[in-house]
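Participant:
Residue numbers (my numbering), protein chains in the order written: chain E, 61 to 380; chain Y, 15 to 330.
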């Protein structure tokens with residue numbers, strides 16, 4: 061039986077239901093927890109997230125993936141309590157990136173010279189978050205990560221971003237969890253780095269493929285052809301950087317018509333609670349309740365809608 | 015009224031006693047908390063730390079200045095408990111060891127924001143501990159030159175020092191021309207700055223300690239004990255005699271500008287630490303070496319009591 065790692069333990073993949081693959085629960089810019097003007101009120105954060113997760117459930121969603129990695133506010137104990145309280149399956153992630161988001165421990169270690177961490181050390185760090193449990197810093201390990209997420213620098217993958225991506229790929233090879241890759245400047249190139257480690261493309265989701273530059277470059281189709289999952293994961297965002305929902309829906313249909321219905325994923329990168337950066341206060345259920353009906357009105361079939369919302373994330377998240 | 019902020023509240027300068035001016039309860043690079051290889055139970059942490067502070071106190075140590083920056087595992091609640099149970103005054107810092115230890119929230123911040131952060135930690139408190147910082151830590155990132163972020167932190171520290179009267183303590187004194195230019199532009203008297211680590215094995219040759227002192231800066235020989243003679247010396251170690259001779263040459267003419275410390279970790283957070291090296295090197299090795307070299311007791315008092323008292327006393 062295929063299972064998926066959730067914060068409350070392995071869950072049968074068939075039980076996931078409708079999944080939001082690229083979202084954030086608590087999102088804290090590294091360091092903001094020490095800022096004089098940032099307050100971390102756990103009870104308040106819980107209340108807000110529980111309300112949003114309940115609304116997600118009420119709109120038909122059943123599983124949410126916090127894809128922010130291990131160093132951007134992830135709070136395993138809070139997520140366990142939220143999952144128990146709301147009934148929504150929560151998949152937490154390991155991984156880090158881009159380089160700018162890392163602590164000095166990884167970039168300027170206390171060695172001479174201060175050589176940044178190589179891929180194998182990241183693979184070890186991330187892998188243990190699956191085999192031994194996710195870290196509650198300096199206290200304990202709890203649960204297993206269900207995804208290893210990494211992000212490349214927007215202007216292009218740096219050397220350390222590449223170490224992170226290769227480390228994430230090795231983690232996936234060893235542990236069987238999938239890789240989430242938010243590409244930098246060139247989606248196909250960055251995917252190639254991950255696949256260069258010998259990981260098969262169906263273990264990778266590439267995020268951000270509804271960026272205008274990616275669409276203009278034909279990246280969504282190219283990534284699907286390579287066999288990786290194509291995440292159009294800014295649903296609900298209409299800005300200079302991303303295509304609109306109408307364009308997004310047309311892209312979904314075009315990908316389906318090209319034979320890639322089994323490679324599409326939809327999500328919003330909504331942020332439940334943001335600390336140290338602007339929030340993105342979109343309902344987690346926006347994809348299900350607003351976007352999919354739009355796509356259906358433009359011709360997306362019910363079967364393909366279900367494939368995109370249920371089957372594809374189930375296949376991606378199943379530990380192999 | 016002269017006062018110094020400690021983690022248990024302000025104390026009169028007169029109560030400081032002998033000061034270890036640049037030390038660490040426990041230091042780790044930001045992110046090291048994610049790597050379980052360094053984790054220790056609280057039982058082990060207290061077991062490693064309390065005897066060192068007790069020995070410091072029994073040897074006549076009065077005040078331990080913790081130079082662990084904001085993102086380096088600074089843990090003020092822990093320091094409060096250590097201070098209350100051992101009787102050692104502990105001064106905590108605000109600021110950063112260097113730009114490369116400031117996490118993204120601060121790395122992206124403006125000088126104005128960083129100034130507000132430092133002033134808040136000095137005048138209101140650190141987090142929700144109620145403890146106020148007594149010094150501001152700044153430093154030069156790895157690589158030998160001040161980065162743009164290092165410079166923003168120095169400038170913010172200068173403004174916070176002027177606003178609050180709390181002094182600045184630096185990690186490394188290389189590239190001092192840039193540091194002095196910033197302090198000059200901000201109008202901060204250089205006797206409010208302790209330029210530290212002028213004696214470390216990597217940087218001593220590149221550090222213009224005499225020049226800094228002649229401009230009015232205070233000078234920290236504060237990595238005493240990191241010696242090449244150790245069983246497993248760190249890369250910044252230096253031969254014991256070479257460092258001592260450097261110090262003795264320097265105090266001949268600059269005794270009023272000098273401070274000394276060991277930069278030891280009681281219980282390191284994100285690195286192995288250096289076996290056998292503790293804050294008590296000051297009593298076990300350094301002060302005996304200074305006596306053997308002919309220093310008078312009055313000189314030793316100047317270095318470890320009077321100069322730190324002048325430096326740490328809040329100016330307002």
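All residues carry an ideal CB built from backbone N, CA and C; glycine is no exception.
(1) Starting from the Cα of residue 125(Y), find the closest Cα among 85(Y), 182(Y), 138(Y) and 163(Y) and give me that residue.
(2) Which residues does DSSP pair with residue 151(Y) in a beta bridge?
(3) How about residue 169(E): is its C-beta nearer than 9 Å to some C-beta of chain Y?
(4) Under the three-state reduction of DSSP, which class applies to residue 106(E): helix, strand or coil?
(5) List in chain order: all unbroken alpha helix (DSSP H) runs of 4+ residues lying wholly within the segment 27-84 of chain Y.
(6) Just curious, the beta strand (DSSP E) that residue 83(E) is in, first and last residue?
(7) Identify the continuous alpha helix (DSSP H) that holds residue 65(E) and give its terminal residues.
(8) Of all the beta strand (DSSP E) runs that stay within the bounds of the segment 142-201 of chain E, which reach a length of 3 or more residues?
(9) Does residue 174(E) get closer than 9 Å to chain Y when you measure Cβ to Cβ?
(10) Can you have a look at residue 250(E) and say buried or exposed, based on whether 16 or more other CB atoms are within 10 angstroms of its CB?
(11) Closest by CA to residue 286(Y), which one among 129(Y), 150(Y) and 40(Y)?
(12) Ignore the nearest five residues each way along the sequence and tell me which others in residue 195(E)'s own chain have a CB closer than 8 Å to its CB.
(13) Tell me, please, whether the segment 225-238 of chain Y touches the segment 181-196 of chain Y by the rule of three or more beta-carbon pairs shorter than 8 Å.
(14) Using beta carbons (cut-off 9 Å, strictly below), is residue 45(Y) in contact with chain E?
(15) Checking the sheet assignment: what are the DSSP bridge partners for residue 209(Y)?
(16) With H, G and I counted as helix, E and B as strand and the rest as coil, what does DSSP make of residue 5(Y)?
(17) If you follow the beta strand (DSSP E) that residue 331(E) is in, where does it begin and where does it stop?
(18) If you count every other CB in all the chains shown that lies within 10 Å of the CB of residue 101(E), and 16 or more means buried, which is it?
(19) Go through the segment 327-375 of chain E residue by residue and report every complete run of the alpha helix (DSSP H) that reaches 4 residues or more, in order.
(20) Among 156(Y), 133(Y) and 108(Y), whose alpha-carbon lies nearest the alpha-carbon of residue 173(E)?
(21) Using a 10 Å radius around the Cβ and a threshold of 16 neighbouring Cβ atoms, would you call residue 306(E) buried or exposed?
(22) So with CB distances below 8 Å, who are the chain Y contacts of residue 96(E)?
(23) If you compare alpha carbons, which of 68(Y), 122(Y) and 117(Y) is closest to residue 98(Y)?
(24) Looking at chain Y, is there any beta carbon in it that lies within less than 9 Å of the beta carbon of residue 278(E)?
(25) Against chain Y, does residue 377(E) count as a neighbour if the rule is that its beta carbon must be under 9 Å from one of theirs?
(26) Residue range of the alpha helix (DSSP H) that residue 321(Y) falls in?
(27) Note down, in chain order, all residues in the segment 79-92 of chain Y with a beta-carbon under 9 Å from any beta-carbon belonging to chain E.
(28) Determine, using beta-carbon pairs with one atom in the segment 153-161 of chain E and one in the segment 62-81 of chain E, whether at least three such pairs fall under 8 Å.
(29) Under the three-state reduction of DSSP, which class applies to residue 279(Y): helix, strand or coil?
(30) Based on Cα-Cα distance, which residue from 236(E), 323(E) and 263(E) lies nearest to residue 269(E)?
(31) What first and last residue would you give for the alpha helix (DSSP H) that runs through residue 280(E)?
(32) Hey, is residue 155(Y)'s beta-carbon within less than 9 Å of any beta-carbon in chain E?
(33) Label residue 37(Y) either buried or exposed according to how many other C-beta atoms from any shown protein chain fall within 10 Å of its C-beta, with 16 as the threshold for buried.
(34) The beta strand (DSSP E) with residue 126(E) in it runs from where to where?
(35) Does the segment 196-206 of chain Y come close enough to the segment 262-269 of chain Y that 3 or more CB-CB pairs lie under 8 Å?
(36) Flag residue 239(Y) as yes if its beta-carbon sits less than 9 Å from any beta-carbon of chain E, otherwise no.
Facilitator: On the basis of the coordinates in this document:
(1) Here residue 125(Y) corresponds to residue number 111 of the second chain, with the count starting at 1. When only C-alpha atoms are compared, the closest one is 163(Y).
(2) Working through the second chain from its first residue, we reach residue 151(Y) at position 137. Partner(s): 109(Y) and 183(Y).
(3) Within the first chain, the letter at position 109 stands for residue 169(E). Yes, contact with chain Y.
(4) Here residue 106(E) refers to the residue found at position 46 when the first chain is read from its first residue. Residue 106(E) falls in the helix class under three-state DSSP.
(5) Under the rule that a run must span 4 or more residues, the alpha helix (DSSP H) segments found entirely inside the segment 27-84 of chain Y read 56-72.
(6) Mapped onto the first chain, residue 83(E) falls at position 23. Residues 78-88.
(7) Here residue 65(E) corresponds to residue number 5 of the first chain, with the count starting at 1. Premise fails: residue 65(E) lies in the beta strand (DSSP E), 63-66, not in any alpha helix (DSSP H).
(8) Note on the segment 142-201 of chain E: whole beta strand (DSSP E) runs with a minimum of 3 residues are 149-154 and 194-196, in chain order.
(9) The sequence position of residue 174(E) within the first chain is 114, counting from 1. With 9 Å as the cut-off, residue 174(E) counts as an interface residue toward chain Y.
(10) Indexing the first chain from 1 puts residue 250(E) at position 190. With 16 or more Cβ atoms within 10 Å of its Cβ, residue 250(E) is classed as buried.
(11) The residue labelled residue 286(Y) in the question sits at position 272 within the second chain. Considering only alpha carbons, the answer is 40(Y).
(12) One-based indexing of the first chain puts residue 195(E) at position 135. Same-chain partners within the cutoff: 130, 189 and 201.
(13) With a cut-off of 8 Å on Cβ pairs, the segment 225-238 of chain Y is in contact with the segment 181-196 of chain Y, counting three or more such pairs.
(14) Position 31 of the second chain, counting from 1, holds the residue named residue 45(Y). Put simply, the CB of residue 45(Y) is near chain E, with a gap under 9 Å to one of its CB atoms.
(15) For the purposes of this step, residue 209(Y) is identified with residue 195 of the second chain, where counting begins at 1. Partner(s): 233(Y).
(16) Because chain Y is modelled from 15 through 330, residue 5(Y) falls outside the range shown and cannot be assessed.
(17) The residue labelled residue 331(E) in the question sits at position 271 within the first chain. Taken as a continuous stretch (DSSP letters only), the beta strand (DSSP E) holding residue 331(E) covers 331-335.
(18) Mapped onto the first chain, residue 101(E) falls at position 41. With fewer than 16 neighbouring CB atoms inside 10 Å of its own CB, residue 101(E) falls in the exposed class.
(19) Fully enclosed alpha helix (DSSP H) runs of 4 or longer: 352-357 and 362-366.
(20) Within the first chain, residue 173(E) is the residue found at index 113, counting from 1. Answer by Cα proximity: 156(Y).
(21) As a working mapping, residue 306(E) is identified with position 246 in the first chain. With fewer than 16 other Cβ atoms within 10 Å, it is exposed.
(22) Position 36 of the first chain holds residue 96(E). Within chain Y, 130, 131, 134, 135 and 138 have C-beta atoms less than 8 Å from the C-beta of residue 96(E), given in sequence order.
(23) Taking the first residue of the second chain as 1, we reach residue 98(Y) at position 84. The shortest Cα separation from residue 98(Y) among 68(Y), 122(Y) and 117(Y) belongs to 68(Y).
(24) Within the first chain, numbered from 1, the residue matching residue 278(E) stands at position 218. So no, residue 278(E) is outside the interface.
(25) To locate residue 377(E), count along the first chain from 1; it is residue 317. Cβ-Cβ to chain Y under 9 Å: no for residue 377(E).
(26) By 1-based counting over the second chain, the position of residue 321(Y) is 307. In the DSSP annotation of this structure, the continuous segment of the alpha helix (DSSP H) that includes residue 321(Y) starts and ends at 321-326.
(27) Residues passing the 9 Å Cβ filter: 84, 85, 86, 87 and 88.
(28) Taking 8 Å as the limit for Cβ pairs, the verdict is that the segment 62-81 of chain E does not touch the segment 153-161 of chain E.
(29) On the second chain, position 265 is the one that residue 279(Y) refers to. The answer is strand: DSSP assigns residue 279(Y) an E or B state.
(30) Position 209 of the first chain, counting from 1, holds the residue named residue 269(E). Closest by alpha carbon: 323(E).
(31) Start at 1 with the first residue of the first chain, and residue 280(E) comes out as number 220. Run containing residue 280(E): 279-286, per the alpha helix (DSSP H) assignment.
(32) Within the second chain, numbered from 1, the residue matching residue 155(Y) stands at position 141. Using beta-carbon distances, residue 155(Y) counts as an interface residue toward chain E, with a partner under 9 Å.
(33) The residue given as residue 37(Y) occupies position 23 in the second chain. That one is buried.
(34) Position 66 of the first chain, counted from the start, is the residue given in the question as residue 126(E). Counting along the chain, the beta strand (DSSP E) containing residue 126(E) begins and ends at 121-126.
(35) By the Cβ rule, the segment 262-269 of chain Y does not count as touching the segment 196-206 of chain Y, because fewer than three pairs are nearer than 8 Å.
(36) Taking the first residue of the second chain as 1, we reach residue 239(Y) at position 225. Taking Cβ atoms only, chain E never reaches closer than 9 Å to residue 239(Y), which makes this a no.
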